[in-house]
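**Q** First the structure, which I've put down as structure tokens, then a few questions once you've had a look.
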Amino acid sequence: MSRKNSWVDLNDEMSDSDQHEIVWKGVLKKRTSYKMSQQRTFVLYMDGRLEYYKDEVLYRGVLQLIPSSKVNLAVESIDGRLSLFPGKKWVLRLTLQEGGKDVRLSAQKQEGKSEEDVLSEWHQRIMHVIDHLRDLQHQ
């Protein structure tokens, strides 16, 4: 049974064992295939799942990290090209599998944190999960 479009309460749905697997939770913008940004609540789990929800209750999908996944924090110009110039938009680019399309995530300022700070925090936590998946693969 697919969970897409199912309504859940993120706080009620998870068992105690699931709660311990959660690495990070927060609001990011995900770019669609139509180049539009949608604000979603993302939940990162230690097993590599990055689930996203609309309005914190409507399950919309999952991105699955694997040991070969890559994550990059970059600065992008308004037209979407990578740029090294200050004052542009910070983005997080996820490559889930070799040769796969990038998933582009961005953020808004949150509670005294800049976009760069928010995405840096996500970058560190996603890297931690990818490193964990690599360690499990080599055991």
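0 is the number of the first residue of the sequence shown in numbering that gives the first Met the number 0; add one for each residue after it.
For glycine and all other residues, C-beta sits at the position ideal for the given N, C-alpha and C.
#1: Can you say whether glycine 47 is buried or exposed, counting buried as having 16 or more other CB atoms within 10 angstroms of its CB?
#2: Lysine 69 and threonine 94 - do their beta-carbons sit closer together than 8 Å?
#3: Using only alpha-carbon positions, find the residue among Val22, Glu20, Val26, Ile21 that is nearest to glutamate 110.
#4: Anyone know if the C-beta pair for serine 119 and leucine 72 falls short of 8 Å?
#5: By the DSSP assignment, the beta strand (DSSP E) with glutamate 50 in it spans what residues?
#6: In angstroms, rounded to a whole number, what distance separates the CA positions of serine 36 and arginine 92?
#7: Tryptophan 23: which of Glu75, Ile125, Asp116 sits nearest, CA to CA?
**A** This is what the structure holds:
#1: Indexing the sequence shown from 1 puts residue 47 at position 48. By the neighbour-count rule (16 or more Cβ atoms within 10 Å), glycine 47 is buried.
#2: The residue given as residue 94 occupies position 95 in the sequence shown. The residue given as residue 69 occupies position 70 in the sequence shown. For threonine 94 and lysine 69, yes; Cβs fall inside 8 Å.
#3: Here the question's residue 110 lines up with position 111 in the sequence shown. Nearest to glutamate 110 by alpha-carbon distance, out of Val22, Glu20, Val26, Ile21, is Val26.
#4: Counting from 1 along the sequence shown, the entry for residue 119 is found at position 120. Counting from 1 along the sequence shown, the entry for residue 72 is found at position 73. Yes. Within cutoff.
#5: Stepping through the sequence shown from its first residue, residue 50 is reached at position 51. 48–53 is the span of the beta strand (DSSP E), which, as asked, contains glutamate 50.
#6: Stepping through the sequence shown from its first residue, residue 36 is reached at position 37. Stepping through the sequence shown from its first residue, residue 92 is reached at position 93. Computed Cα separation, rounded: 14 Å.
#7: Taking the first residue of the sequence shown as position 1, residue 23 is located at position 24. Of the listed residues, the one whose Cα sits closest to tryptophan 23 is Ile125.
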